[in-house]
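Report on the structure given below.
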Amino acid sequence: MSKRAIRNQEFDLFVPQVADLAWKDQRELMERPFFSLGKRKRLKPIEYVSPDGDVHVRVSANPQFGIATIWDADILIWATSHLNKLRDRGDNDIPRTIHTTSYDLLKAIHRDTGGAGYRELQAALERLQSTTIETSLRAPKRNKRAQFGWLDEWTLESDPVTGAPRGLTLTLSNWVYEGLMRDRALLTLHPDYFLLTGGLERAIYRIARKHAGDQEGGWTCRVSVLYDKSGSEGPLKQFTYLLKKIITADSLPDYALTQVTTRDGAAAVHFVRRDAAERARIKAELDALAAADSRRVREDARAASLDEMLDRRRQPSGDQ
Numbered sequence: 001m002s003k004r005a006i007r008n009q010e011f012d013l014f015v016p017q018v019a020d021l022a023w024k025d026q027r028e029l030m031e032r033p034f035f036s037l038g039k040r041k042r043l044k045p046i047e048y049v050s051p052d053g054d055v056h057v058r059v060s061a062n063p064q065f066g067i068a069t070i071w072d073a074d075i076l077i078w079a080t081s082h083l084n085k086l087r088d089r090g091d092n093d094i095p096r097t098i099h100t101t102s103y104d105l106l107k108a109i110h111r112d113t114g115g116a117g118y119r120e121l122q123a124a125l126e127r128l129q130s131t132t133i134e135t136s137l138r139a140p141k142r143n144k145r146a147q148f149g150w151l152d153e154w155t156l157e158s159d160p161v162t163g164a165p166r167g168l169t170l171t172l173s174n175w176v177y178e179g180l181m182r183d184r185a186l187l188t189l190h191p192d193y194f195l196l197t198g199g200l201e202r203a204i205y206r207i208a209r210k211h212a213g214d215q216e217g218g219w220t221c222r223v224s225v226l227y228d229k230s231g232s233e234g235p236l237k238q239f240t241y242l243l244k245k246i247i248t249a250d251s252l253p254d255y256a257l258t259q260v261t262t263r264d265g266a267a268a269v270h271f272v273r274r275d276a277a278e279r280a281r282i283k284a285e286l287d288a289l290a291a292a293d294s295r296r297v298r299e300d301a302r303a304a305s306l307d308e309m310l311d312r313r314r315q316p317s318g319d320q
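Okay, so the sequence shown: first residue is 1 according to full-length UniProt numbering, each after it adds one.
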């Protein structure tokens, strides 16, 4: 067996196979703007305050690399999913540091495994480590903020002879790791999420997955709230235009989107899980059939009662 094959086998002992992996993400990261939605370097900070004022998020960039993008976040989803797999199979010692190969990671998240893919992977790791996040979420004390990067450290190993990328080691920041270990109800992502090419599409899907979930009646959200939750860098007017295109394309995994208006006249979007909508349709049809059957039973009983009454009236009396 070659040294490369031995090393790959060694990594396989740490990381479950992709075919066995259920894609998972942390709920806290899905409903708030932690990532840049564009592939162009973003230096403008992301600022978010929840409507009730309890949650604050500020994401700032290292000028050399820019803010980590929503595509870079695929690496965090991959890491979360793998560690969750270890936890589900009963491992007691879940590490913050993960060993794998560059090829396996790129293949898992549907990326190019050629030279360009490896260069983009390195750039993503640089952004994930250098981006600074400040948030009130899980801060140690009230009115305090936690500050961290997504990764504490990472290492890409290359073949000493060919220079080809080989091993990859990354260490999640403590904040990310603690969120994984505390959140026993991580949300499952549809595998086609990784095929979404638009940053806003990805953000809208994540928000819908967090809030709409499996609710039979779906979930309605004002466009202005979606705008804030997405962290979109452009103006609201541009966001609304792009959102309408997403609704028209109807290409999000799991969810169907419909433009609606709230009672006070505000523009909004209704999200409903596609299988939930189908279940609701089938349930409505079954309820209608059951109601029709019930009406027929009542009508048949009433007709039988009338027939019995008429029969009694037609019978001759006993005495003349």
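Positions of the beta carbon are idealized from the N, C-alpha and C atoms, including for glycine.
- Beta-bridge annotation (DSSP): lysine 24 is paired with Thr188.
- In this structure, the CA atom of leucine 310 is about 30 Å from the CA atom of alanine 290.
- Leucine 86 and asparagine 92 have their C-alpha atoms roughly 9 Å apart.
- In this structure, serine 158 keeps its C-beta atom at 9 Å or more from the C-beta atom of valine 55.
- Following the DSSP letters along the chain, one finds glycine 167 inside the beta strand (DSSP E) bounded by residues 165–172.
- Within the same chain, Leu257, Thr258, Gln259, Val269 come within 8 Å of isoleucine 247 by CB-CB distance, once the 5 residues on both sides are set aside.
- Around proline 253, the same chain offers His190, Asp192, Tyr193, Tyr205 as residues with beta carbons nearer than 7 Å, after the five sequence neighbours per side are excluded.
- Annotation: the continuous alpha helix (DSSP H) that includes tyrosine 227 extends over 223–230.
- Assignment of threonine 162 by DSSP, reduced to helix, strand and coil, places it in the coil class.
- A Cβ-Cβ separation of about 6 Å places glutamate 233 in contact with lysine 44 under the 8 Å criterion.
- Contact between leucine 172 and serine 102 fails: their C-beta atoms lie close to 17 Å from each other, not under 8 Å.
- Annotated three-state conformation of serine 294 is helix, per DSSP.
- Phenylalanine 271 is bridged by DSSP to Trp219, Leu257.
- In the DSSP assignment, the residues bridged to glutamate 134 are Arg58, Gln147.
- Taking C-beta atoms under 8 Å as the contact rule, isoleucine 98 and histidine 82 qualify, at a distance of about 6 Å.
- Along the stretch 47–116, the beta strand (DSSP E) occurs as fully enclosed runs of 3 or more residues at 56–60, 97–101, listed in sequence order.
- For threonine 240, the secondary structure class from DSSP, reduced to helix, strand or coil, is helix.
- Relative to glutamate 134, the option among Ala61, Ala208, Tyr227, Arg314 whose CA is nearest is Ala61.
- Distances from the alpha-carbon of threonine 197 to those of Tyr241, Thr220, Ser251, Arg166 put Ser251 closest.
- Looking from the CA of glycine 199, the closest CA among Asp104, Leu37, Glu28, Glu31 belongs to Leu37.
- Minimum Cα-Cα distance from leucine 121 among the listed residues Thr169, Arg302, Lys144 corresponds to Thr169.
- Setting aside the 5 residues that flank it on each side, glutamate 153 is surrounded in the same chain by Thr171, each with a C-beta closer than 6 Å to its C-beta; the list follows chain order.
- When the alpha-carbon of arginine 202 is set against those of Leu243, Arg222, Cys221, the nearest one is in Leu243.
- Shown here, threonine 248 sits in a helix according to DSSP, grouped into three states.
- A direct Cα-Cα distance of roughly 27 Å separates alanine 208 from asparagine 174.
- Between the alpha carbons of proline 51 and cysteine 221 lies a distance of about 13 Å.
- Tyr177 is the residue among Lys39, Tyr177, Ala212 whose C-alpha sits nearest the C-alpha of proline 95.
- Just so you know, the alpha carbons of leucine 226 and glutamate 285 end up roughly 33 Å apart.
- Taking the C-beta atoms as reference points, isoleucine 46 is found nearer than 9 Å to glycine 231.
- Rounded to the nearest angstrom, the Cβ distance from leucine 180 to threonine 261 is 39 Å, too far for a contact under 8 Å.
- For glutamate 201, the enclosing alpha helix (DSSP H) has its first and last residue at 199–211.
- Sixteen is the threshold: when 16 or more other Cβ atoms of the shown chains lie within 10 Å of the Cβ of glutamine 129, as they do, the residue is buried.
- If the five residues before and after glutamate 31 are omitted, its C-beta is found closer than 7 Å to the C-beta atoms of Ile207, Lys210, His211, Lys229, all from its own chain and listed in chain order.
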